[in-house]
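So the structure is just underneath, and the comments pick up after that.
Numbering (our numbering), first residue to last: 82 to 186.
The structure is reproduced here in structure tokens:
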């Protein structure tokens, strides 16, 4: 029982610490595709496109300083080198899909 309580507390702490970015809003482009089976029976599906977080800018919540450059976290942003500090200090920008080659036709 104690491990369940600990896990729940950790999840709540991390979720509370994450910051939504206010620099770039993100709107996921809509997309329509078909799922087909034998006999030429196709069903139209609707959804949206989401691009992986590796393509997004991770910066300080109060400015434009990169939190992660190359393969390294910025040590100046986290003197104690704890994951929770990075989560509270950094936010991930939304993505402008057209700049990344995503178009709607």
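Ideal Cβ placement from N, Cα and C applies to all residues, glycine included.
As the structure is a computational prediction, the values presented were derived from the model and not from experiment.
- When the five nearest sequence neighbours on each side are left out, the beta carbons in the same chain lying within less than 6 Å of the beta carbon of residue 139 are those of 148, 149, 171 and 173, in order along the chain.
- Within the model, the alpha-carbon separation for residue 178 versus residue 159 is close to 31 Å.
- When C-alpha distances from residue 128 are compared across 115, 182 and 122, the shortest belongs to 115.
- In the DSSP assignment, residue 135 forms no beta bridge with any residue.
- Take residue 109, set aside five residues on each side of it, and the residues of its chain with a beta-carbon closer than 7 Å to its own are 129, 130 and 131, in chain order.
- Beta-bridge analysis with DSSP links residue 149 to 154.
- Remark: C-beta atoms of residue 119 and residue 176 do not approach each other more closely than 7 Å.
- DSSP links residue 118 through a beta bridge to 122.
- The straight-line gap separating the alpha-carbon atoms of residue 152 and residue 183 is approximately 26 Å.
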